[in-house]
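Here's the structure, in structure tokens; my notes come after.
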Amino acid sequence: MRQKIDDNSKAEGLAKSRLPSFTNEEIELIKGSCDFFAFQHYTSIEAKFGVEGREPSIERDRGVSLSSNSNWPSSSVRWVKIVPEGMRAVLNWINLRYDNPPLFITENGYGELQAIETINDENRIKYFTVYLKAVLDAITLDGCNIKAYTFWTLMDNFEWFDGYTSAFGIFKVDFRDPKKKRIPKKSVSFIKSLLSTRYIPS
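Written out as structure tokens, the structure reads:
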């Protein structure tokens, strides 16, 4: 990334790189200084080397084009693909790249379009089941130092990319109701059972 952006900046006629550099002293100061690694994960994407064009862009600096595999299961929210093996792979990459730090999964969740989401959210339960199994495998088989996992999210809310059009909550919110009534979805019972039994169903 460093070299890619430096080269792009030079080709664009800039006097210095658009990506600031650390001094040697700053590099030594921050090396190994983090206490933990916080990580959010919803889905996976595929990356292919090479991006055409000369205009400055994130894609050009990144040097890869991104796409989804059409064989991956998908929710009604277009960008949410169900790829638990992708999460396990990233957890292992963090483990190897950063010397197995304490790792907190701060968000992991499944969305459906608000217009078709129901309280019988079987697909969300299936998503949590396969992703939790991937996390468990990362801990027990791969040795990842995972300290916590957070379901996303407690209730339907305003999503950064989708606004109110997508629903990620385990509680449905009636946004037409002045009191914003909350209704538990089936996934609430799933999570309650999971926490009380400490067992991921097959």
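No gaps in the numbering here: position 48 of the sequence shown is 33 in this note's numbering, and each next residue is one more.
Cβ coordinates follow ideal geometry from the N, Cα and C atoms, glycine included.
On a predicted model such as this, the values are computed, not experimentally measured, just so you know.
#1: Note down, in chain order, each residue of its chain lying with its Cβ closer than 7 Å to the Cβ of Trp137, except the 5 sequence neighbours on either side.
#2: Relative to the alpha-carbon of Ser172, which residue among Ser(-6), Arg161, Pro186 has its alpha-carbon at the smallest distance?
#3: Could you give the residue range of the beta strand (DSSP E) that holds Asn(-7)?
#4: What's the gap between the Cα of Gly35 and the Cα of His26?
#5: For the beta strand (DSSP E) that Glu92 lies in, which residues bound it at each end?
#6: Can you list, in chain order, the residues of its chain whose CB lies under 8 Å from that of Ile79, leaving out five sequence neighbours each side?
#7: Is the beta carbon of Tyr149 less than 9 Å from the beta carbon of Phe160?
#8: Note the first and the last residue of the continuous beta strand (DSSP E) segment covering Phe34.
#9: State yes or no: is the C-beta of Ser174 within less than 9 Å of the C-beta of Tyr112?
#10: Just to confirm, are Ile104 and Lys170 a CB contact at a threshold of 9 Å?
#11: What is the DSSP secondary structure of Tyr134, reduced to helix, strand or coil?
#12: Distance check for Leu4 and Arg(-13), CA to CA, integer angstroms please.
#13: Enumerate in chain order the residues of its own chain whose CB-to-CB distance from Glu70 is below 7 Å, with the five nearest sequence positions on each side excluded.
#14: Please name the residue, chosen from Glu31, Val62, Asn56, that lies closest to Ser50 on a Cα-to-Cα basis.
#15: Would you kindly report the start and end of the unbroken alpha helix (DSSP H) that includes Ser181?
#16: To the nearest whole angstrom, what separates the beta carbons of Arg45 and Gly38, a pair I think is in contact under 8 Å?
#17: Do you know whose CA, among Arg73, Ile(-10), Leu98, Ser53, lies nearest Ser201's CA?
#18: For Asn77, which residues of its own chain have a beta-carbon under 6 Å away from its beta-carbon, when the five flanking residues on both sides are left out?
#19: To which residues of the same chain is Thr8 closer than 8 Å at the C-beta, ignoring the five residues directly before and after it?
#20: Judging by CA-CA distance, which residue of Tyr134, Asn56, Gly96 is the nearest neighbour of Glu144?
#21: Using CA atoms only, rank isn't needed, just tell me which of Lys(-11), Ile131, Ile176, Glu13 is closest to Glu107.
According to the structure data:
#1: Only Glu92, Asn93, Gly94, Phe153 meet the Cβ criterion.
#2: When Ser(-6), Arg161, Pro186 are compared, the shortest CA-CA separation from Ser172 is found for Pro186.
#3: No beta strand (DSSP E) holds Asn(-7); the alpha helix (DSSP H) holding it covers -13 to -4.
#4: Those two C-alpha atoms are separated by around 25 Å.
#5: Counting along the chain, Glu92 sits inside the beta strand (DSSP E) bounded by residues 88 to 94.
#6: If you ignore the 5 residues before and after Ile79, its C-beta comes within less than 8 Å of the C-beta of Phe22, Phe24, Pro86, Leu88, Cys129, all in its own chain and listed in chain order.
#7: Cβ atoms of Tyr149 and Phe160: closer than 9 Å.
#8: That run of the beta strand (DSSP E) goes 31 to 34.
#9: In this structure, Tyr112 does not lie closer than 9 Å to Ser174 by Cβ.
#10: Yes, the pair counts as a contact, with Cβ atoms nearer than the cut-off.
#11: Assigned with DSSP and collapsed to three states, Tyr134 falls in strand.
#12: So the alpha carbons of these two residues sit roughly 7 Å apart.
#13: Around Glu70: Ala119.
#14: Nearest option by C-alpha distance: Glu31.
#15: The continuous alpha helix (DSSP H) containing Ser181 extends over residues 171 to 182.
#16: About 6 Å separates the CB atoms of Arg45 and Gly38; that is less than 8 Å, so the two are in contact.
#17: Residue 201 cannot be examined here, being either before or after the span of the chain that is shown, -14 to 187.
#18: Hits under 6 Å: Asp127.
#19: Closer than 8 Å at Cβ, skipping near neighbours: no residue.
#20: Considering only alpha carbons, the answer is Gly96.
#21: When only C-alpha atoms are compared, the closest one is Ile176.
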